[in-house]
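Protein chains in written order, with the numbering used here: chain A, 373 to 589; chain B, 373 to 589.
Remarks on the structure that follows.
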DNA sequence: TTAAAAGTTTAGACAAAGCTAAATAATCTT
DNA sequence: AAGATTATTTAGCTTTGTCTAAACTTTTAA
Ligand SMILES: [Mn+2]
Ligand SMILES: [Mn+2]
Ligand SMILES: [Mn+2]
Ligand SMILES: [Mn+2]
C-alpha cells in the first residue's frame, strides 16, 4: 500500500463510519481534497487490489482486507498522537498534523513497541478509540451535546471535529476531556446550549455543541 | 524537498565526507542503488534548486543550503535511532531501516522535542555524532582497528559499516561500543588482527578491522 | 415521462522518479 | 596522437497520482 492508497482507505473508512451506506465519489473527493476524476482512478486501483468493492456510479465500500488495513493506519495515527501528547508535550491541537505523516511508517514492530511504551492506551487525545494489534477496539458510548438533556450532568469524553481551531476554542474556554458539565438550558431558537462547569456558565453555539461528545456523569 | 531529493542530498553528504572531492555520477548511482541516468536527472533538479553545484561530467558538490538540509536529515535519522534503541528497546542492528523512514518526517518541533526527550544525545547507537538544532556537532576522533598499534589498548567507539550482518557479528562476539580491547597481534599476511577483551582472545579479519572504530584507552 | 441538473467516468495531459538504449565526453593505453 | 575503454548524458518510455474538459449516467422535478 502506497501513501496515497493508505490515505484513501482511511478516508473511506471514516466516511463509512459516518453514514453506513456506500461512499460516493464526490464525498471521497471532498474528504481527500481532490477532484472526482482522481478519485475514480484511485478506487479502480484499490478495487484491482481487492481493497474495496466498487460498482461504477454506485460508490465504494471497503473489503475485509481494506478495512483491516485502514484500521492499522488509524491505530498508528492514534498511537502517535498519544506519544506526541504524553511524551513530547505537544498540545492536543498540534498532534494531528504530525500523526498524519507518522501513520505511514511501515514497521509492525515499531507500532507494537510504541503501543507497549505508551502502556496500551485505549483512547487518543481526542477521545477516539485505539485499535489493539489485532484491530479490535471498543466503540465508545457517546452523546453529542446537542442531544444532551437539560438539567443532566455529563463528562466530556471526545470531540467530533479535531481541527486546531475547535480545540483551541475549547482550551480558551477551559473545556477538556474529563471536564464535567451540567446542561442549564437548551435554546430552541438557535440550538445554542448554556452549560455550567467549575462554577462558570457558558453559552456555546450549535456548531460547538454538535462537535462535543459526552457521557452521562 | 521531496523524499527522493532528501535521500540524494544525504547520499552526496556521506560520499563527500568519505573522499572530500566532488561526487561522481557513478558513485552516487552505486550509493543510491539506482542507474547513472536517473542520477543525472536528479542532480540537475537539485542544481535548479540550488542544493548542489553541478558541472556536467565533473560531478556534484553540496551547496551551503544542500549541506544544511542533509545535516537536518542526518540529525533526524540519528535521533530516531537513539529513540528506537533507548525507549523502544530495539537492538542496534534493527534501528537503521526504520530510521530511514522516520528521518523524512517534517516537523521541526517534533525533532527538537524528541532531542529534548532523549536528553540531547551526542552520538547515535553506531557511534556517529548527532548534530544539534543548529547543525553543529563535534567530529569524533577515531582510529580504525586496521590502524591500531600492537600492544596498545583501545575502546570501541563506533562502526563504519552499520549493516545488520556486521552488527550481528559483533553481538555474537560480544563486542559492543564501550568494550575495551587490546591489540595482541597484527598479521601482515592477511591483515587480520588478534585482539583480547574480557580475558578472551579473538582473531578478526581485515574486513572486520576496517569497520570497527577505536579510541586510545 | 421527459428535460434539466447533478454526479460520475473517460480521455488526454502533466510532473516526479525511475528505466533502457544510444550518443557523447573524458580518460587510458598503446 | 589515435584508438579503445570508461563515464556521463540524452532521448524516449513507464508508472503513480494528479488535473481539465468532455462524455455519459442517474436523479430530480416539471
Ligand atoms: Mn488525528
Ligand atoms: Mn485523534
Ligand atoms: Mn542509520
Ligand atoms: Mn547510525
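Virtual Cβ for every residue (Gly too), placed ideally from N, Cα, C.
Since the model is a prediction, treat every value here as computed from it, not as a measurement.
Where residue i and residue j are concerned, what is the direct C-alpha to C-alpha distance, given to the nearest angstrom?
i: residue 562/B; j: residue 576/B; result: 10 angstroms
i: residue 373/A; j: residue 416/A; result: 14 angstroms
i: residue 496/A; j: residue 382/A; result: 16 angstroms
i: residue 435/B; j: residue 423/B; result: 5 angstroms
i: residue 419/B; j: residue 481/B; result: 28 angstroms
i: residue 584/A; j: residue 549/A; result: 10 angstroms
i: residue 386/A; j: residue 446/A; result: 10 angstroms
i: residue 478/A; j: residue 484/A; result: 12 angstroms
i: residue 535/B; j: residue 396/A; result: 47 angstroms
i: residue 554/B; j: residue 522/B; result: 8 angstroms
i: residue 452/A; j: residue 431/B; result: 41 angstroms
i: residue 437/A; j: residue 398/B; result: 42 angstroms
i: residue 406/A; j: residue 400/B; result: 36 angstroms
i: residue 421/A; j: residue 377/A; result: 10 angstroms
i: residue 471/A; j: residue 411/B; result: 32 angstroms
i: residue 571/A; j: residue 499/A; result: 24 angstroms
i: residue 524/A; j: residue 565/A; result: 13 angstroms
i: residue 408/A; j: residue 414/A; result: 10 angstroms
i: residue 473/B; j: residue 578/A; result: 42 angstroms
Assuming residue i and residue j make a contact with CB atoms under 8 angstroms, what is their CB distance in whole Å?
i: residue 502/B; j: residue 439/B; result: No, residue 502/B and residue 439/B are not in contact; Cβ-Cβ is about 16 angstroms, not under 8 angstroms.
i: residue 517/B; j: residue 586/B; result: 6 angstroms
i: residue 459/B; j: residue 489/A; result: 6 angstroms
i: residue 505/B; j: residue 487/B; result: 7 angstroms
i: residue 540/B; j: residue 530/B; result: Actually they are not in contact, since the Cβ atoms of residue 540/B and residue 530/B sit about 17 angstroms apart, beyond 8 angstroms.
i: residue 527/A; j: residue 493/A; result: With a Cβ gap of about 18 angstroms, residue 527/A and residue 493/A do not count as contacting.
i: residue 507/B; j: residue 467/B; result: No, residue 507/B and residue 467/B are not in contact; Cβ-Cβ is about 22 angstroms, not under 8 angstroms.
Which residues does DSSP pair with residue i in a beta bridge?
i: residue 573/A; result: 568/A
i: residue 390/B; result: In the DSSP output, where bridge partners are listed per residue, residue 390/B has none listed.
i: residue 530/A; result: 585/A
i: residue 501/B; result: 495/B
i: residue 555/A; result: 567/A
i: residue 426/B; result: 432/B
i: residue 516/A; result: 585/A
i: residue 395/B; result: 432/B
i: residue 525/B; result: 554/B
Kindly list, in the order they appear in chain A, the residues whose Cβ is closer than 9 angstroms to that of residue i.
i: residue 485/B; result: 456, 459, 460, 461 and 462
Going along chain B in order, which residues have a C-beta closer than 9 angstroms to the C-beta of residue i?
i: residue 470/A; result: 477, 478, 479, 481 and 482
List the residues of chain A whose Cβ lies closer than 7 angstroms to the Cβ of residue i, in chain order.
i: residue 474/B; result: 477
Could you work out which residues of chain A lie near residue i, taking near to mean beta carbons separated by less than 8 angstroms?
i: residue 489/B; result: 459 and 460
### Query
Who sits around ligand 3, taking every residue whose Cβ is closer than 6 angstroms to one of its heavy atoms?
449/B, 453/B, 468/B, 471/B and 534/B
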